[in-house]
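Visitor: Take 2 as the starting number for the sequence shown in the numbering used here and just add one per residue.
Encoded as structure tokens, here's the structure I'll be asking about.
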Amino acid sequence: MPVVRGKNIEPLFTAEQIAERNRSMASDIAAGPTKDLLVIAVLKGSFIFAADLIRALHDVGLEPEVEFITLSSYGTGTVSKGVRIVKDIDSAVKDRDVLLIDDILESGRTLLFAKELLYERGARNVTIAVLLDKSVKRQEKLEADYVGFECPDYFVVGYGMDVAYAFRELPFVGVVTGEAEG
Ligand code: IMP
Ligand code: MG
Numbered sequence: 002m003p004v005v006r007g008k009n010i011e012p013l014f015t016a017e018q019i020a021e022r023n024r025s026m027a028s029d030i031a032a033g034p035t036k037d038l039l040v041i042a043v044l045k046g047s048f049i050f051a052a053d054l055i056r057a058l059h060d061v062g063l064e065p066e067v068e069f070i071t072l073s074s075y076g077t078g079t080v081s082k083g084v085r086i087v088k089d090i091d092s093a094v095k096d097r098d099v100l101l102i103d104d105i106l107e108s109g110r111t112l113l114f115a116k117e118l119l120y121e122r123g124a125r126n127v128t129i130a131v132l133l134d135k136s137v138k139r140q141e142k143l144e145a146d147y148v149g150f151e152c153p154d155y156f157v158v159g160y161g162m163d164v165a166y167a168f169r170e171l172p173f174v175g176v177v178t179g180e181a182e183g
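Structure, rendered in structure tokens:
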């Protein structure tokens, strides 16, 4: 098992599996709405997935504009949670097809907020691509249009995703299972 920063990391989805899913998702995306396509990566967790998926979109002939939005959730536990914009996109979305890219769809709050925001700004159509779907954790009525993998209810790291600012650089998705021996 890989040891990173003194921790055992059990791989859940390998770099090869992810690359294959990205190619397949890109073909599906190309078959959907792509008029004046604007791709928006939701930072920070999606940055590696977005970089790979965008290049896979190029390979199937798409020429998207690429933007970034940073969103943050606030409120904890039983307090009602909200989402706020930390850093907004610069581009206009009116009458454009928009593809939102995120790492994980969990409660659905983040992506529901983003989707509604873009429709309010006049997007023609908004679709969602996520690497991982933790569907058992869903709180909102929202599904992704393109899903890499159904994800078991573990806290995962790697391929852009962190725990306490660590492990984003791993080329695979894994689970921290404990301290390495010695
Ligand atoms: P939600 O769908 O609004 O609950 O937000 C999901 C977001 O929570 C994702 O975009 C991630 O940033 C973060 N997140 C959820 N589960 C994990 C995990 O297992 N590892 C790392 N980040 C996670
Ligand atoms: Mg996120």
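Here a beta-carbon is modelled for each residue, glycine too, at the ideal position from N, C-alpha and C.
Check whether the Cβ of residue 158 lies closer than 7 Å to any heavy atom of the ligand MG, and answer yes or no.
Guide: Residue 158 sits at position 157 when you count from the first residue of the sequence shown. No, since every heavy atom of the ligand MG falls outside the 7 Å radius drawn around the Cβ of residue 158.
Visitor: When every heavy atom of the ligand MG is checked, does at least one fall within less than 7 Å of the C-beta of residue 163?
Guide: Here residue 163 refers to the residue found at position 162 when the sequence shown is read from its first residue. Residue 163 Cβ: outside cutoff for every heavy atom of the ligand MG.
Visitor: State the DSSP-derived secondary structure class of residue 88, mapped to helix, strand or coil.
Guide: Position 87 of the sequence shown holds residue 88. DSSP places residue 88 in strand when its eight states are reduced to three.
Visitor: Please go through the same chain and pick out, in chain order, the residues whose beta-carbon is closer than 6 Å to the beta-carbon of residue 123, but skip the five residues on each side of it.
Guide: For the purposes of this step, residue 123 is identified with residue 122 of the sequence shown, where counting begins at 1. Excluding sequence neighbours, residue 123 sits near 95.
Visitor: Threshold first: 3 residues or longer. Then list the beta strand (DSSP E) segments lying entirely within the region 119–155, N to C.
Guide: The qualifying runs are 126–134, 147–151.
Visitor: At which residues does the beta strand (DSSP E) containing residue 180 begin and terminate?
Guide: Numbered from its first residue, the sequence shown carries residue 180 at position 179. 174–180 is the extent of the beta strand (DSSP E) around residue 180.
Visitor: Using CA atoms only, rank isn't needed, just tell me which of 171, 126, 110, 55 is closest to residue 146.
Guide: On the sequence shown, position 145 is the one that residue 146 refers to. Measuring from the Cα of residue 146, the nearest candidate turns out to be 126.
Visitor: Using 8 Å as the threshold, is the C-beta distance between residue 38 and residue 174 below it?
Guide: Here residue 38 refers to the residue found at position 37 of the sequence shown. Here residue 174 refers to the residue found at position 173 of the sequence shown. Cβ distance not < 8 Å, so residue 38 and residue 174 don't count as in contact.
Visitor: Closer than 7 Å: is that where the CB of residue 112 sits relative to any heavy atom of the ligand IMP?
Guide: Your numbering for residue 112 matches position 111 in the sequence shown. The answer is yes for residue 112.
Visitor: For residue 74, list the residues DSSP reports as bridge partners.
Guide: Your numbering for residue 74 matches position 73 in the sequence shown. Beta-bridge pairing links residue 74 to 84.
Visitor: Straight-line CA distance for residue 196 to residue 115?
Guide: Outside the modelled stretch of the chain, which goes from 2 to 183, sits residue 196, for which no answer is possible.
Visitor: Take residue 23 and list the residues in its own chain whose beta-carbon comes closer than 6 Å to its own, dropping the five residues that flank it on each side.
Guide: Here residue 23 corresponds to residue number 22 of the sequence shown, with the count starting at 1. Cβ within range, chain order: 53, 54, 57.
Visitor: Which same chain residues end up closer than 6 Å to residue 1 when comparing Cβ atoms and leaving out the 5 residues on each side of it in sequence?
Guide: Residue 1 lies beyond the stretch modelled for the chain, which goes from 2 to 183, so this question has no answer here.
Visitor: Work out the CA separation of residue 2 and residue 91 for me, nearest whole Å.
Guide: The residue labelled residue 91 in the question sits at position 90 within the sequence shown. The residue labelled residue 2 in the question sits at position 1 within the sequence shown. Approximately 43 Å between the Cα atoms of the pair.
Visitor: According to DSSP, what are the bridge partners of residue 98?
Guide: On the sequence shown, residue 98 is found 97 positions in, with the first residue counted as 1. BP columns for residue 98 point to 126.
Visitor: Below 8 Å on the Cβ atoms is my contact criterion, and I expect residue 157 with residue 176 to pass it. Report the Cβ-Cβ distance as a whole number of Å.
Guide: In the sequence shown, counting from the first residue as 1, residue 157 sits at position 156. In the sequence shown, counting from the first residue as 1, residue 176 sits at position 175. Going by Cβ atoms, the distance from residue 157 to residue 176 rounds to 6 Å, so yes, they are a contact pair.
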